[in-house]
């Protein structure tokens, strides 16, 4: 329930910003537009490329069974793109994520998200800007889980494709008009058709799954006036 509330809050915030900035945009003259291009580092024609990462670690101690359950998650995003208009960005992104868990259930999973990204930078200041980013695209997950209930070994594997949308609200801090330090908070929404195979059932089944997760990200990006192939 909290993840649904968080997602709705992001949508409300994004809508409010669009309303406010659409109103002010109608009052901007051509002279102000040229001045904005000089002030903002996120100006039309520039390229933005870089890396961002996510990390999460948790530990759960179950007193009744003296079992310690741990989980770690790592994510890496690679992207590049251009500003087709002042403070409007279009890019291509590849995001990979890995999860491992140990304890009662040993679990490993990997996921891939590939697609275009659309970002809007709200502020015109040279030091940086608050931004909203949306990344829709192809999503695929692969997962394996192992359980040892006492004498036997149970294994289950899952794999399948789907569609996902990654929404992020963050701040990009610019150093010397070139280097960008990026932090953000967001949510991943995914719709997946997953094939499950279990050693107990010796059969496979397909299920449609909806996933909603939150994340914190940090990144190091570079602004270029020209993109060199």
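Residue numbers (my numbering): 8 to 236.
For glycine and all other residues, C-beta sits at the position ideal for the given N, C-alpha and C.
Spatial distance of residue i from residue j (CA atoms)
{"i": "residue 129", "j": "residue 135", "result": "10 angstroms"}
{"i": "residue 204", "j": "residue 189", "result": "40 angstroms"}
{"i": "residue 178", "j": "residue 99", "result": "19 angstroms"}
{"i": "residue 200", "j": "residue 121", "result": "17 angstroms"}
{"i": "residue 78", "j": "residue 48", "result": "39 angstroms"}
{"i": "residue 30", "j": "residue 165", "result": "Confidence at residue 30 is low in this model, with a pLDDT of 42, below 50, so the placement of that residue is unreliable and no value is reported for it."}
{"i": "residue 154", "j": "residue 194", "result": "30 angstroms"}
{"i": "residue 169", "j": "residue 142", "result": "14 angstroms"}
{"i": "residue 228", "j": "residue 126", "result": "14 angstroms"}
{"i": "residue 183", "j": "residue 232", "result": "14 angstroms"}
{"i": "residue 214", "j": "residue 149", "result": "14 angstroms"}
{"i": "residue 80", "j": "residue 144", "result": "21 angstroms"}
{"i": "residue 106", "j": "residue 117", "result": "6 angstroms"}
{"i": "residue 123", "j": "residue 97", "result": "7 angstroms"}
{"i": "residue 32", "j": "residue 89", "result": "Because the pLDDT at residue 32 is just 38, under 50, the model does not fix this residue reliably, and the point stays unresolved."}
{"i": "residue 40", "j": "residue 138", "result": "With a pLDDT of 43 at residue 40, under the threshold of 50, the predicted position of this residue should be treated as unreliable, and no value is reported."}
{"i": "residue 10", "j": "residue 218", "result": "Summary for residue 10: the model assigns pLDDT 43, below 50, so the residue's position carries little reliability; its value from the coordinates is reported in the next sentence. Roughly 10 angstroms between the two C-alpha positions."}
{"i": "residue 222", "j": "residue 109", "result": "21 angstroms"}
{"i": "residue 131", "j": "residue 119", "result": "34 angstroms"}
For residue i, the residue or residues it bridges with in DSSP
{"i": "residue 206", "result": "Note: residue 206 sits in no beta bridge, so no partner."}
{"i": "residue 84", "result": "59 and 102"}
{"i": "residue 123", "result": "99"}
{"i": "residue 52", "result": "DSSP lists no partner for residue 52."}
{"i": "residue 153", "result": "113 and 162"}
{"i": "residue 222", "result": "193"}
{"i": "residue 213", "result": "202"}
Selection from the options that minimises the alpha carbon distance to residue i
{"i": "residue 112", "options": "152, 195 and 125", "result": "152"}
{"i": "residue 94", "options": "83, 123 and 55", "result": "55"}
{"i": "residue 58", "options": "115, 101, 183 and 109", "result": "101"}
{"i": "residue 82", "options": "216, 212, 173 and 206", "result": "173"}
{"i": "residue 161", "options": "224, 196, 114 and 221", "result": "114"}
{"i": "residue 211", "options": "163, 176 and 138", "result": "163"}
{"i": "residue 181", "options": "198, 167, 171 and 226", "result": "226"}
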